[in-house]
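Protein chains in written order, with our numbering: chain A, 1 to 455; chain B, 1001 to 1455; chain C, 2001 to 2491; chain D, 3001 to 3491. For glycine and all other residues, C-beta sits at the position ideal for the given N, C-alpha and C. Heads up, the thing below is written out as structure tokens.
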Amino acid sequence: MRYLPLTDTDRRTMLESMGAADIDDLFRDVPAAARLDGPIGDLPAHASEMAVERDLARMARRNKTASDTPFFLGCGAYKHHVPATVDYIIQRGEFLTSYTPYQPEIAQGTLQYLFEFQSQVARLTGMEVANASMYDGSTSCVEAIFMARRVTRRKKAVLSGGLHPHYVSVAKTLTHFTDDELDVMAPKVLSGAPGDDLDDLLARVDDETSCVVVQNPNLFGHIADLSALAERCHEKGALLIAVVTEVVSLGAIKSPGEMGADIVVGEGQSIGGGLNFGGPYLGLFACNQKHVRQMPGRLCGETVDAEGRRGYVLTLSTREQHIRREKATSNICTNSGLMALAFTVHMTLLGEEGLRRLAAVNHNRAVEVADRLAAIDGVTVLNDAFFNEFTVQLEGESRSHLRQMAEAGVLGGVSLGRLYPDDGAIERCAVVAVTETQTDEDIGALIEAYEGVAA
Amino acid sequence: MRYLPLTDTDRRTMLESMGAADIDDLFRDVPAAARLDGPIGDLPAHASEMAVERDLARMARRNKTASDTPFFLGCGAYKHHVPATVDYIIQRGEFLTSYTPYQPEIAQGTLQYLFEFQSQVARLTGMEVANASMYDGSTSCVEAIFMARRVTRRKKAVLSGGLHPHYVSVAKTLTHFTDDELDVMAPKVLSGAPGDDLDDLLARVDDETSCVVVQNPNLFGHIADLSALAERCHEKGALLIAVVTEVVSLGAIKSPGEMGADIVVGEGQSIGGGLNFGGPYLGLFACNQKHVRQMPGRLCGETVDAEGRRGYVLTLSTREQHIRREKATSNICTNSGLMALAFTVHMTLLGEEGLRRLAAVNHNRAVEVADRLAAIDGVTVLNDAFFNEFTVQLEGESRSHLRQMAEAGVLGGVSLGRLYPDDGAIERCAVVAVTETQTDEDIGALIEAYEGVAA
Amino acid sequence: LNEPLSFEIGSRTRTGVDLPEAELETSRLGGLARTEPMDVPGLSEPETMRHFTRLSRMNYAIDMGLFPLGSCTMKHNPRLNEKAARMKGFADIHPLQPQGTVQGALQLIVELADWLKALTGMPEVAMSPKAGAHGELCGMLAIRAAHEANGDPRKTVLVPESAHGTNPATAAFCGYDVDSIPATAEGRVDLEALKGKLGPHVAGIMITNPNTCGLFERDMIEICKAVHEAGGYVYCDGANFNAIVGKVRPGDLGIDAMHINLHKTFSTPHGGGGPGSGPVVFSSRLAPYAPLPFVRKASDGQYELIEEEQAASGSHGESFGRMVAFHGQMGMFVRALAYIKSHGADGLKQVAEDAVLNANYILRQLEGVLTAPFAGSGPCMHEALFSDAWMKGSGLSTLDVAKAMIDEGYHPMTMYFPLVVDGAMLVEPTETESKADLDQFIHVLRGLAAAVKDGETERFKGAPFYAPLRRLDETQAARKPRLTRMHDEAA
Amino acid sequence: LNEPLSFEIGSRTRTGVDLPEAELETSRLGGLARTEPMDVPGLSEPETMRHFTRLSRMNYAIDMGLFPLGSCTMKHNPRLNEKAARMKGFADIHPLQPQGTVQGALQLIVELADWLKALTGMPEVAMSPKAGAHGELCGMLAIRAAHEANGDPRKTVLVPESAHGTNPATAAFCGYDVDSIPATAEGRVDLEALKGKLGPHVAGIMITNPNTCGLFERDMIEICKAVHEAGGYVYCDGANFNAIVGKVRPGDLGIDAMHINLHKTFSTPHGGGGPGSGPVVFSSRLAPYAPLPFVRKASDGQYELIEEEQAASGSHGESFGRMVAFHGQMGMFVRALAYIKSHGADGLKQVAEDAVLNANYILRQLEGVLTAPFAGSGPCMHEALFSDAWMKGSGLSTLDVAKAMIDEGYHPMTMYFPLVVDGAMLVEPTETESKADLDQFIHVLRGLAAAVKDGETERFKGAPFYAPLRRLDETQAARKPRLTRMHDEAA
């Protein structure tokens, strides 16, 4: 077997050296009743690299890829161009095959990029500090709710109607057995500002509220000014948690920090990451310095070595499970290292200038597409403010229309019926995302597809 | 422009520092008549990575690839499976973006793999030494002819009829203006042993002959025992140059060294290299120690450093052009470094055991395919001895038949009419190559395709 | 040679991408156009390449040498896996595409799930957990959900003292009290003590097997029986499954839930800290509570995704819900399946055998030099545990030895874990080390042990001397944390 | 930490591939089955990965820092190029496939050829030469063929004394005598001396422009005129085309043939010594003699390959023939075109400007410290030339300074070339260096110059101290060459 360096001779020599008769001698502590005789039957035997590659390629070919088709899906996962440099860097064995940097003397590569990553995320979100990343946006979000509980010592979280329904589900699941209380608002199909009802949200914040969770741009693509909400939260002693699932938007719109958010969580997949059918992704988590000791997840900090040279270490690990065990801030003991590296490399290539340009291309093209779709009879664009995705309402149920487009080779958006199956008004909606990756031909195909189903 | 780090501010500062008014001040030595005013018209401006990638991908998609189709072409370029490890290693920046190892203290990585490469090539070919590679098989071949002239001080080279016609062309081109004499034999469509007529070849070796060049397996896939020819050459004071275009064959058949060759040249693309539409490939060049100072190309040798540690350097460069100028053994001043690295890595993964197995799979499958083709009415298999490719003769001109198969999606071999356009017997022939990469379905499709054209 | 921060060499106006200088249309931004600077520096592409290449060269990695971190299972990461994960058909598909357009992706998830079920002998698997600790959470939530469904929400989870820190943290996260079970003198769970703690308040046990002392829990079947009889469930921390894959099926031991760290057993790269993936297998008793989503092969041969909508109307009504957005770590699934198919059933069995053989070889070659507290407890499994007793009186610690290993060209072993042993050194070679590499490692450790005994204190106290940096001041880092580049710091 | 040879750690029976243990059928091998051992060791995949990863880490590379090798043009190698070259549609097609199945590949060759013709202002290009020196050969063979066709086979080629060694070697290879032209005191070709050597025996001149002193040959148009008037052809060594691409078209200067090193001007990776690619552009006077094969876009929009068969019956009957099997370095063509399209016409002009600006910056910043013999000859082009005059009397040589640069973290500059200057140091930064990196380099060289003047001899004589190895004994290597691992050496 190509991955196993021991030869049969090695094996014999080693067994002899320890006085073992055979390999099963070393498994003698396994209860006899549970020992397997030989390879598990029914399962195939080992295969050559060529055979495995061919087998997997066959499965890969059964999927319609975003690059090979006019593609307009978003809702928490976005298709952006990732420079080839990014993938080269994350494949270098020194990054790919290293461990968590617990030995900082031989892990400065990982530690320094984490410090750069934390700095980039903090600046983009308008916060003071950020952690070294989490599993994904949805888990960052629920961790923020738990953090708000620790900070405010209150248990009621208000979740806005524009929050991604998967994020809502995750929050429900993880708070179900704790005594947290969730006040989950239903999404509204409002013309002009679909998703959240900010006035209603404002009204729900009271002295029991630990936090308000609001997504911006929200699931429906709408963007809102969160300043009043932040003010209200702070009056009542609650924290405002802002969720960003399309981090490229931060190149064009006010950061949550500038609008007064206390914690910003998000999905960082858009920068450096591919679609990957939903994972691995990159959870972002940022807050202000005063709350840092209640923050979950790994943190990298600057220090000096024995000769006074600058260096980086994992720090504040007294919050973490391997030290605090059941009193830890979270049970999480990993981050999303390679995805964070991909983010850092891509963000370094972009810089502020590049991100601004990228955001402008995304937004301007989205405006163009929205206007062209709005011109179709039977298609209504609900948003008046959006970044790179927006909601269209059709005259009938959108899911079958979108399947029909897919069969004709156009992936024309996310049908909200899939995410909110029981709501008649929402079932007529779809979210259309536009990035720098669609060609003019792709856009033409999209318009034609909507004309086809609206007709 | 993403590859250019200077900013406009940098440019201004730098120009000022040297008292230059503008950049064109630095180009003032260019005659005014030849200076361009601005970017060359008609040519497009710079483009984003995404745009360039898309543009090239569009061209790439217009080609029918060997993996996506039943594919049986050989004749000097072979489709083999290359392990993913190989491509990872050759992409590491430390190998990919390094220079010729003239500074051995910071180039031991390159130098040591070259030493390993030379050792591997020497052992596979059955020779004592090998160089660090050349452009490709065809240029190695003509360099061997020149080397034989230097060694023997004779000028007549005899080229066998089984030598790849491109190799013959290259030899003709490069000897045309020197006073070398080439005796080029015509290929023979002999049943049993197509390509060479060894008896005729033997008869042509005389006291004027500097070398005999014979390919094994030859272009027609036939393999022959070269021992008698070697003996004859040595009697007459000539060198035997053996050409190997399918280096995997050395895992199954006697090495040219064992059969008495004095120089072995070849194409190493089969190990570690892709098809790449013909380039870059890997020229192999091996000979015995006594002729090493007449050898062309780069050589890596073992030595020690100032502290006595083993190390490697480029050596015997007094043969080379940067020292000897017009008296150099060759004008070549590069090798095929990355391809040699790919060969070395792949060969290290294979080892003797793996190469033997690989060769056995190739040969055994080729035998099976040959037998199945021979069973078709109207198809004759000419070879009785072959490694992984063989010649079939059809009842009509093969080229149109093979084009017809290609249109039906089967790349069923190389039509010899393309390589020898004016020979009626040969125009009915095609060479079919079988490696480890064809599936049973591919073979089924091939048989069906031949049945179709023979019918 | 320190590498500066990108913040020190880049600038706000430089960029390594070529994008049009389009002016942002602001009329559709609701008055929210960003005006504050981001202050994120950009670099040209060549500068970026060098910056990160140089950084990478300050790391140690499995590609460079033995990585003997016990319990972390740093094994060879095949590049075939990387190549497969980058096939466009897997890497370039959206999680919310119509299912008809992602049949191959769903098929891959089902194939991997089938392998995991077959290898563990358990009937159900949840694929979505994003890492080992997330898998633990998944398993414990299922246990909690099962008890709730039974109308008997118990309060306590038993955890052996040798457990990974994530175990008690996870139990607490699910709202449980944690009660610790002591170890026997031979390093295993004390069965009698365990039985003494069982009762109607006990929701279950979280047990690691092979355990973190590197030993197989001989009494596993009895432990499971006892817990089941007391109405509890058995969660197994599957971090060490690589020691027994293909040799023992956890389902045959009586386990109810176990997570599998794909990177440990199935070689997905650790990546300096993730991304991980931690599918959880379930017994039939817990299967109904497993989280959404699922992927199933329907009777018509189509693969289908079962999410909230289908579950509400179907057979997954008892699922405890969703743990993550979308469907889990697809990229890791592809890598793991590539590895599994490469090994096959015979190869995976060989993996466990070689991992255990290599660890025992190290244990036996070093037990006379270092202290191996459980050397008499039978063969170890995939890792060999040593304590610091052998260097008592030298003035040196486990940490010093670990740092000295860096100067010998090795990453240190796991230190001070498990907690049941003083100054623990936990060595896990994995199956992808050759005998020659093990012999070299043993030789180096023997040399270091001799140096300790010879009183070469400075060589240890000052170590590492030959790493990119000397020892770092962790106290200073934690006292006044500097976690980001300040805006006002000079470039 | 020396890395052993694979021959020392591997074995004949170990393998890192999984292939069936099929028995070789010998009946169809004509009695020629191999019996002698190959003695080529195999390693498992993890061992192979480590072996070559460790080896790689002993190299210096452009990805790690400035690589100031004059005349070698070590510039950034974009990874986009690597990605494009690996697209299956380019990497996985056979050179002898029916042309209808490779239209995209032929199109790519035509597109690149069109760019090269437009950038050089020349009407024809031969794409097949495999490297720069191979391109030289191509150009000189065309010149020879043209003279033969004119019935006037001349005997002599003029080559300036500052030329690359490949120039005289190539001329000799084509059967010419080489006559050397002296340089003027300002480092350019001596026009009068040149004119004096012209005559009916002169086939042509091989001239490098910008020349190897880093200077543009001001008299280039006159040189070409004089050579043409004498019935000769002008071959230009295009190694330094990167200094003028987009600024000057060689065709406008009167050149008849010029090779282009794709790696120097168009960033294909150097790869530690190849593979290269050296297309040759031709004036209309030489175009008929250009080698086979060609690719052409036919009137029906199809791309077609013109090989021996078509040439014999068509318009390429005067071609001097074929230089290589198949059609040239496709993989390099893809990379070069990716680079060219990325830059576009505006970017390529900027490439030349920045390359020249960076070199002049170094020249002017260092001319007061080192000796710059041609500093008064006008601006340099893409490289700055220094001599060793500034360190006369120090007992140190150019070599010593170069080796000391290694300890400062740099690859040395080109040494002892061109030959027209004593102890030459030829520095070429290229356009892909930032100002900050140039300033750092200048700072280091100033420091070294000061150290030379301060008599810190040992720092130079012993250098490098901080490289993987110290200075290597090249004499021993050449005296009794050990070029391969001996069969009888111990493992």
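Checklist entry - Contact between the stretch 3265-3283 of chain D and the stretch 1325-1340 of chain B: three or more CB pairs below 8 Å? => result The stretch 1325-1340 of chain B and the stretch 3265-3283 of chain D touch, with three or more beta-carbon pairs separated by less than 8 Å.
Next on the checklist: For a contact defined as C-beta to C-beta under 8 Å, what are the partners of H3076/D on chain C?
Outcome noted: Reading the fourth sequence from its first residue, position 76 is the one you call residue 3076/D. E2045, P2046, M2049, listed in chain order.
Checklist entry - Excluding five sequence neighbours on each side, which residues of the same chain lie with their C-beta closer than 8 Å to the C-beta of L3348/D? => result Reading the fourth sequence from its first residue, position 348 is the one you call residue 3348/D. Same-chain partners within the cutoff: L3119, V3245, G3246, I3340.
Item to check | Extent of the continuous beta strand (DSSP E) to which D2179/C belongs | outcome: Reading the third sequence from its first residue, position 179 is the one you call residue 2179/C. Residue range 2177-2181 is occupied by the beta strand (DSSP E) that includes D2179/C.
Next on the checklist: Against D2018/C, what residues of chain B qualify as contacts under a CB-to-CB distance less than 8 Å, listed in chain order?
Outcome noted: Translated into positions along the third sequence, residue 2018/C becomes position 18. The answer, in chain order, is M1001, R1002, H1046, A1047, S1048, E1049.
Checklist entry - Measuring CB to CB, does V3427/D end up less than 9 Å from E3383/D? => result Looking up residue 3427/D in the fourth sequence gives position 427. Looking up residue 3383/D in the fourth sequence gives position 383. One thing to note: V3427/D has its Cβ within 9 Å of the Cβ of E3383/D.
Checklist entry - In whole angstroms, what is the alpha-carbon distance linking K2480/C and R3482/D? => result Position 480 of the third sequence holds residue 2480/C. Position 482 of the fourth sequence holds residue 3482/D. Those two C-alpha atoms are separated by around 59 Å.
Item to check | Contacts around A2451/C, its chain only, beta-carbon distance under 7 Å, and the 5 residues preceding and following it disregarded | outcome: Locating residue 2451/C in the third sequence gives position 451, where the first residue counts as 1. Closer than 7 Å at the Cβ level, and outside the excluded window around A2451/C, lie R2459.
Checklist entry - At which residues does the beta strand (DSSP E) containing M2258/C begin and terminate? => result Within the third sequence, the letter at position 258 stands for residue 2258/C. In the DSSP assignment, M2258/C falls within the beta strand (DSSP E) that extends over 2257-2259.
Checklist entry - Taking the alpha helix (DSSP H) that R2479/C falls in, what are its first and last residues? => result Position 479 of the third sequence, counted from the start, is the residue given in the question as residue 2479/C. Unbroken alpha helix (DSSP H) run through R2479/C: 2474-2479.
Checklist entry - What residue range is occupied by the uninterrupted beta strand (DSSP E) comprising S210/A? => result In the first sequence, counting from the first residue as 1, residue 210/A sits at position 210. S210/A -> beta strand (DSSP E) spans 209-215.
Next on the checklist: Distance cutoff 9 Å, beta carbons only. Does E2082/C sit that close to anything in chain D?
Outcome noted: Here the question's residue 2082/C lines up with position 82 in the third sequence. E2082/C does not count as touching chain D.
Next on the checklist: For T439/A, would you say it is in contact with chain B, using Cβ-to-Cβ distances shorter than 9 Å as the test?
Outcome noted: Reading the first sequence from its first residue, position 439 is the one you call residue 439/A. It does; some Cβ of chain B falls within 9 Å.
Item to check | Given 8 Å, three or more beta-carbon pairs between the stretch 2077-2092 of chain C and the stretch 88-101 of chain A | outcome: They touch, by the three-pair rule.
Item to check | Within chain D, partners of L1443/B - CB distance below 9 Å | outcome: Your numbering for residue 1443/B matches position 443 in the second sequence. The residue you asked about is not Leu; residue 1443/B is Ile in the sequence shown. The premise fails here: I1443/B is roughly 16 Å from chain D at the closest Cβ pair, so nothing lies under 9 Å.
Checklist entry - How about T1013/B: is its C-beta nearer than 9 Å to some C-beta of chain C? => result In the second sequence, the residue the question calls residue 1013/B occupies position 13. No, T1013/B lies away from the interface with chain C (no Cβ there is under 9 Å from its Cβ).
Item to check | Proximity test, Cβ basis, 9 Å: E2186/C and chain D | outcome: Stepping through the third sequence from its first residue, residue 2186/C is reached at position 186. So, not an interface residue.
Item to check | Nonlocal neighbours in the same chain, by C-beta distance under 6 Å from D3354/D, ignoring five residues either side | outcome: By 1-based counting over the fourth sequence, the position of residue 3354/D is 354. Here the set comprises E3431.
Checklist entry - Which residues does DSSP pair with L1240/B in a beta bridge? => result Here the question's residue 1240/B lines up with position 240 in the second sequence. Bridge partners of L1240/B: V1212/B.
Item to check | Residue from A3478/D, L3472/D, H3487/D, G3030/D whose Cα sits closest to the Cα of I1106/B | outcome: For the purposes of this step, residue 1106/B is identified with residue 106 of the second sequence, where counting begins at 1. Answer by Cα proximity: L3472/D.
Checklist entry - Could you check where the beta strand (DSSP E) with D1183/B kicks off and where it finishes? => result Position 183 of the second sequence, counting from 1, holds the residue named residue 1183/B. Here the beta strand (DSSP E) through D1183/B covers 1181-1184.
Checklist entry - Does the beta carbon of M2233/C sit closer than 9 Å to a beta carbon anywhere in chain A? => result For this step, residue 2233/C is matched to residue 233 along the third sequence. Before going further, note that residue 2233/C is Tyr rather than Met in the sequence given. Cβ-Cβ to chain A under 9 Å: no for Y2233/C.
Checklist entry - For A3424/D, does the three-state DSSP call read helix, strand or coil? => result Taking the fourth sequence and counting its residues from 1, one reaches residue 3424/D at position 424. Residue state, collapsed to three classes: coil.
Checklist entry - Would K3155/D be called buried (16 or more neighbouring beta carbons within 10 Å of its own) or exposed? => result Position 155 of the fourth sequence, counting from 1, holds the residue named residue 3155/D. Classification for K3155/D: exposed.
Item to check | The alpha helix (DSSP H) enclosing V158/A, as first and last residue numbers | outcome: Start at 1 with the first residue of the first sequence, and residue 158/A comes out as number 158. DSSP places V158/A in no alpha helix (DSSP H) but in the uninterrupted beta strand (DSSP E) bounded by 156-159.
Item to check | Whole-angstrom C-beta distance between V3159/D and E3143/D, which should lie under 8 Å | outcome: Counted from its first residue, the fourth sequence places residue 3143/D at position 143. Counted from its first residue, the fourth sequence places residue 3159/D at position 159. One point to set straight first is that residue 3143/D is Ile, not Glu, in the sequence displayed. That pair is no contact at about 13 Å.
Checklist entry - Which same chain residues, not among the five before or five after L4/A, have their C-beta less than 8 Å away from its C-beta? => result The sequence position of residue 4/A within the first sequence is 4, counting from 1. Around L4/A: no qualifying Cβ.
Checklist entry - Hey, quick one: how far does the alpha helix (DSSP H) through P2250/C stretch, first residue to last? => result Looking up residue 2250/C in the third sequence gives position 250. It spans 2250-2253 - the alpha helix (DSSP H) in which P2250/C sits, taken as one unbroken run.
Checklist entry - In three-state DSSP terms, what is A3491/D? => result For the purposes of this step, residue 3491/D is taken as the residue at position 491 of the fourth sequence. For A3491/D, the predicted structure reports a pLDDT of 46, less than 50, and the residue's modelled location is therefore unreliable. The matter cannot be settled from this model.
Next on the checklist: Please report the straight-line C-alpha distance between P3210/D and F3241/D, rounded to a whole angstrom.
Outcome noted: Taking the fourth sequence and counting its residues from 1, one reaches residue 3210/D at position 210. Taking the fourth sequence and counting its residues from 1, one reaches residue 3241/D at position 241. Distance between the alpha carbons of P3210/D and F3241/D: 7 Å.
Checklist entry - If you compare alpha carbons, which of F146/A, V158/A, R298/A is closest to T100/A? => result As a working mapping, residue 100/A is identified with position 100 in the first sequence. When the alpha-carbon of T100/A is set against those of F146/A, V158/A, R298/A, the nearest one is in R298/A.
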